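Reviewing the structure listed below.
Right under this line is the structure:
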C-alpha cells in the first residue's frame with residue numbers, strides 16, 4: 001500500500017515511522033512545492049495526506065477536489081495548527097481521514113490505515129476499479145537487461161515470491177536454520193527465474209519480487225512457475241534439504257514501473273507493485289500459484305483447467321493453481 | 333580398469349607413508365584373500381622388503397587385476413571409518429583425489445568411497461562393485477502400461493523410448509544405474525549416498541514428468557500410465573540379470589507392480605523406515621487389493637483418463 005505524504009514538517013514525517021517499518025506499506029514523503037504536479041501522478045488505490053500548513057482553503061480545494069471526485073484514492077488532511085473549523089464537512093466531501101494538532105506526537109499505526117480503507121472502500125465503485133485495473137499502457141521492454149535504463153518506465157511480468165510459515169519453521173527448527181533455509185530458497189529460485197530472463201529486484205526477509213521484461217512472444221513465466229509448483233516435494237526435500245514440505249506463494253501480475261536498480265528499488269512507486277503486496281498480505285492463501293487477469297491469456301491451454309477463479313481483489317480477477325504435485329496424503 | 337603410472341606411483345607413495353607393512357598387506361587380503369606381495373626380483377629368504385617396495389608391489393598387483401579402485405576404497409576407509417579401532421590420516425590424499433577426478437572418478441564425502449563419475453562413465457557396477465560381493469541396494473522398478481484404445485495395444489516405440497530416456501535421466505542424475513530394460517519395465521539400482529531417498533526422488537521425478545508429458549504431448553490419444561515400485565535389500569551383485577532376479581529383493585520389486593495402482597509409487601515397508609521424514613510423511617499405508625507391507629505415494633491430481 002502506497003502512502004503519499006505532502007509535507008515539509010519533520011515532526012509529521014516522524015508520525016509515519018511505524019508504517020515505514022511495516023512491509024505492507026510504502027511511504028513516500030514529498031515536498032509541498034510539488035503538490036500540483038505530483039498529485040496527478042499518484043497511482044490509484046493509494047492513500048494521500050496533505051499537510052495544510054500555509055495553504056488556504058481555496059488552494060486545498062483546488063488541489064484535492066479532482067482527486068476526491070475520481071474516488072480512486074483515500075485522502076486525508078493533516079492540520080498541525082487546528083485551522084479547520086468544520087471537520088465533519090471533510091468527510092461529507094469525500095475525505096477518509098483527518099489528523100488533528102493533538103495527534104501530531106503519536107505515530108500512525110497500521111490499524112488506522114486499515115480503518116480508513118474500510119470506511120471509504122464502498123465509495124470506490126467496482127466498475128471504476130476494474131476499468132482502471134485492466135487497462136494497462138503496455139511499454140515494450142528490451143529483452144536484454146543491459147538495455148533497460150534506470151528511471152525509464154517499462155512493462156514487466158512481476159513475480160511475487162514468498163516462503164510461507166517461516167515463524168513456524170523458526171519455532172520447530174530454530175532461527176539460524178530457518179534463516180539459512182530462506183537464503184538457500186531464494187538462491188535457488190533466483191537461478192530458476194534468471195533462466196527465464198527474470199531478475200530479483202527487491203527482497204525482504206521471506207518475500208521478494210522478481211521482474212521479467214514483458215514480451216508477448218516469450219511468456220515463459222507461467223510454465224516455469226507451474227513446474228515450480230508441480231515439483232514442490234523434490235524442491236523442498238532434495239534441492240533445498242528442508243526437513244518438511246515447504247509452502248511457497250507465487251503471484252504473477254503484469255504491470256508498469258519506473259525501473260530503478262536493486263539498491264534503490266525500495267523507492268519505486270507503482271500501483272501494480274502496490275496491488276501485489278496487498279494481495280499477498282490480504283487475499284491469497286499461502287502455498288499456491290496465483291495469476292491475475294492481465295496474464296490469463298498466457299496460461300497454457302494444456303493446464304488451463306488446473307486453475308480456478310478465486311474472485312476479485314482491488315479490481316483484478318485472480319486464478320489459483322490447484323497443484324497436481326501436492327501429495328494426496330498431505331492434502332487430505 | 334587399469335590406471336597409468338602417475339596414479340599408481342602416487343597411490344603406492346600414499347600407502348607407504350600412511351600405514352605399516354603388515355597393515356597394508358591385511359588391507360590387500362580384503363580384496364585378494366591370502367594375498368602375499370611378491371616382488372619382481374629375487375630376494376634372499378628372510379629379508380623383509382622395504383615398506384615402499386611392498387606398497388609398490390601391492391598397488392601394481394591390484395592394478396593388473398583391475399582391482400585398484402576396490403583396493404583404494406578399502407585403503408581410504410582407514411581415514412573415514414578406521415582400521416582396527418583407529419583412524420589413520422592418508423598421506424597425499426588430496427593429490428590422489430585430484431588424479432582420480434581426472435580419471436573420471438568421484439568420491440562420496442561421508443564414506444570416502446570412490447565411484448565412477450557418471451559424467452564420464454556409466455557402468456552397472458559404478459566401476460567398483462565386484463561380482464559375487466554382497467552390497468546393499470535400493471531398487472526401482474518402472475513399468476509403463478499398455479495404452480488402451482479400443483483393445484489392448486502394445487505401447488508405441490516412441491513412447492517406450494521417451495520413457496526409457498526419462499528413467500535414465502531420473503536415475504543416473506542421482507548416481508543410480510540402469511540394470512535391465514525390457515518392454516515390461518526397467519530395473520534401476522541405487523547404492524551410493526542416501527540411496528533410499530535418491531530412489532524415491534527419482535520415482536517422483538518420473539511421476540511428475542509423465543504428468544507433464546500427458547498434459548503437453550499433443551499426439552497422445554490416451555494418456556501414458558506408469559507404475560513405480562521401490563524396495564531395498566542386501567544381495568550379491570552380478571552383471572547377469574538372470575542371477576539378479578533370483579534375489580528376493582529384485583523379485584519383490586518386479587512383483588509389486590501387480591498391486592500398484594496406476595501413476596502411483598509403491599514402497600516396501602523395509603524401505604520406508606530408511607526414508608527421511610519429509611518423504612515418509614507423504615505416504616499412505618494400504619492393505620487393500622492384496623497388498624501387504626506396502627506404502628503408497630499418490631499425487632493430488634491424476635492425469636486425465638480421457
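Chains as they are written, first to last, in our numbering: chain A, 1 to 332; chain B, 333 to 638.
For glycine and all other residues, C-beta sits at the position ideal for the given N, C-alpha and C.
Just so we're clear, the structure is a prediction, and the values are computed from it rather than from any experiment.
Three Cβ pairs or more, each shorter than 8 Å: is that satisfied between the stretch 76–88 of chain A and the stretch 50–68 of chain A?
Touching, yes, given that three or more Cβ pairs across the two stretches are closer than 8 Å.
Identify whether residue 444/B lies in helix, strand or coil by the three-state DSSP scheme.
Here residue 444/B carries a coil assignment [DSSP, helix/strand/coil].
Below 8 Å between beta carbons is the criterion; list the residues of the stretch 230–244 of chain A that meet it against any residue of chain B, in chain order.
Against chain B - using a Cβ distance shorter than 8 Å - the residues of the stretch 230–244 of chain A are 230, 231, 233, 234, 236, 237, 238, 242, 243, 244.
Checking the sheet assignment: what are the DSSP bridge partners for residue 158/A?
Partner(s): 211/A, 253/A.
Cβ-based contacts, 8 Å cut-off: residues of the stretch 298–313 of chain A near chain B
Among the residues of the stretch 298–313 of chain A, those with a Cβ less than 8 Å away from any Cβ of chain B are 300, 302, 303, 306, in the order of the chain.
Mapping DSSP to helix, strand and coil, what is residue 66/A?
Looking at residue 66/A - three-state DSSP - the assignment turns out to be helix.
From the DSSP secondary-structure annotation, give me the bridge partner or partners of residue 153/A.
Beta-bridge pairing links residue 153/A to 258/A.
How about residue 261/A: is its C-beta nearer than 9 Å to some C-beta of chain B?
No - not a single Cβ of chain B is within 9 Å of the one on residue 261/A.
Quick check on this structure: which residue in 602/B, 478/B, 363/B, 629/B has the alpha carbon closest to the alpha carbon of residue 592/B?
Considering only 602/B, 478/B, 363/B, 629/B, the residue with the shortest C-alpha distance to residue 592/B is 629/B.
Spatial distance of residue 246/A from residue 227/A (CA atoms)
Each residue's alpha carbon lies about 15 Å from the other.
For residue 521/B, three-class secondary structure by DSSP:
Three-state DSSP puts residue 521/B in a strand.
Would you kindly check if the distance between the Cβ of residue 598/B and the Cβ of residue 559/B is under 9 Å?
In this structure, residue 598/B lies closer than 9 Å to residue 559/B by Cβ.
Roughly how many angstroms separate the alpha carbons of residue 636/B and residue 321/A, rounded to a whole number?
Residue placement at residue 636/B is poorly supported in this model, since its pLDDT is 31, which falls under 50; the coordinates still yield a value, given next. Using only the alpha carbons, I get a separation of about 16 Å.
Mind pulling the alpha helix (DSSP H) runs of 4 or more residues that sit fully within the stretch 561–618 of chain B?
For the stretch 561–618 of chain B, whole alpha helix (DSSP H) runs of length 4 or above, ordered along the chain, are 573–577, 580–587, 601–604, 609–612.
Following the continuous alpha helix (DSSP H) through residue 92/A, name the residue where it begins and the one where it ends.
87–92 is the span of the alpha helix (DSSP H), which, as asked, contains residue 92/A.
Take the Cβ of residue 408/B as the centre, count every other Cβ of all protein chains shown within 10 Å, and call the residue buried at 16 or more, exposed below.
Residue 408/B should be labelled buried.
Give a single yes or no on whether residue 614/B has its beta carbon closer than 8 Å to a heavy atom of the ligand HEM.
The model on display carries no ligand, and the ligand HEM is accordingly not part of it.
9 Å is my cut-off, CB to CB: does residue 123/A come that close to chain B?
Confidence at residue 123/A is low in this model, with a pLDDT of 47, below 50, so its placement is unreliable and the value that follows should be read with caution. So, not an interface residue.
Proximity below 9 Å, CB of residue 77/A to CB of residue 49/A:
In contact: residue 77/A and residue 49/A (Cβ atoms closer than 9 Å).
Nearest neighbour of residue 158/A, chosen from 214/A, 206/A, 182/A [CA to CA]
Closest in alpha carbon position to residue 158/A, among 214/A, 206/A, 182/A, is 214/A.
Going along chain B, which residues have a C-beta under 9 Å from residue 107/A?
Going along chain B, no residue has its Cβ under 9 Å from residue 107/A, so there is no contact; the nearest lies around 43 Å.
Consider the Cβ of residue 324/A: report whether some Cβ of chain B lies at a distance smaller than 9 Å.
It does; some Cβ of chain B falls within 9 Å.
Quick one: using the 10 Å Cβ neighbour count with 16 as the cut-off for buried, is residue 67/A buried or exposed?
It counts as buried.
Those residues which DSSP pairs with residue 510/B across a bridge:
520/B.
Which one of 420/B, 582/B, 416/B, 528/B has the shortest CA to CA distance from residue 603/B?
Checked all of 420/B, 582/B, 416/B, 528/B; the closest Cα to residue 603/B is 528/B.
Alpha-carbon spacing of residue 315/A relative to residue 293/A, whole angstroms
Rounded to whole angstroms, the separation of the alpha carbons of residue 293/A and residue 315/A is 10 Å.
Whose CA, out of 464/B, 433/B, 353/B, 474/B, lies closest to the CA of residue 590/B?
The candidate whose alpha carbon is nearest that of residue 590/B is 474/B.
With 9 Å set as the bound, which would you pick, yes or no: does the beta-carbon of residue 213/A sit closer than that to a beta-carbon of chain B?
Not one chain B Cβ lies under 9 Å of residue 213/A.
Are there 16 or more other CB atoms within 10 angstroms of the CB of residue 446/B, so buried, or fewer, so exposed?
Of the other Cβ atoms in all chains shown, 16 or more fall within 10 Å of the Cβ of residue 446/B; this residue is therefore buried.
Consider the Cβ of residue 327/A: report whether some Cβ of chain B lies at a distance smaller than 9 Å.
At a cut-off of 9 Å, the C-beta of residue 327/A has a neighbouring C-beta in chain B.
Separation of residue 304/A from residue 207/A, as counted between CA atoms
Near 27 Å, if we compare the C-alpha coordinates of residue 304/A and residue 207/A.
Under three-state DSSP, which class holds residue 293/A?
Residue 293/A: helix per DSSP, three-state reduction.
Residue 595/B: buried (16+ other C-beta within 10 angstroms of its C-beta) or exposed?
Classification for residue 595/B: buried.
Between residue 554/B and chain A, is there a C-beta pair that is closer than 9 Å?
By this cut-off, residue 554/B is not an interface position.
Residues of the stretch 590–611 of chain B with Cβ closer than 8 Å to any Cβ of chain A, in chain order
Cβ contacts with chain A: 608, 609, 610, 611.
Hey, residue 150/A and residue 259/A are a contact pair by Cβ (cut 8 Å); roughly how many whole angstroms apart?
About 6 Å; that satisfies the 8 Å criterion.
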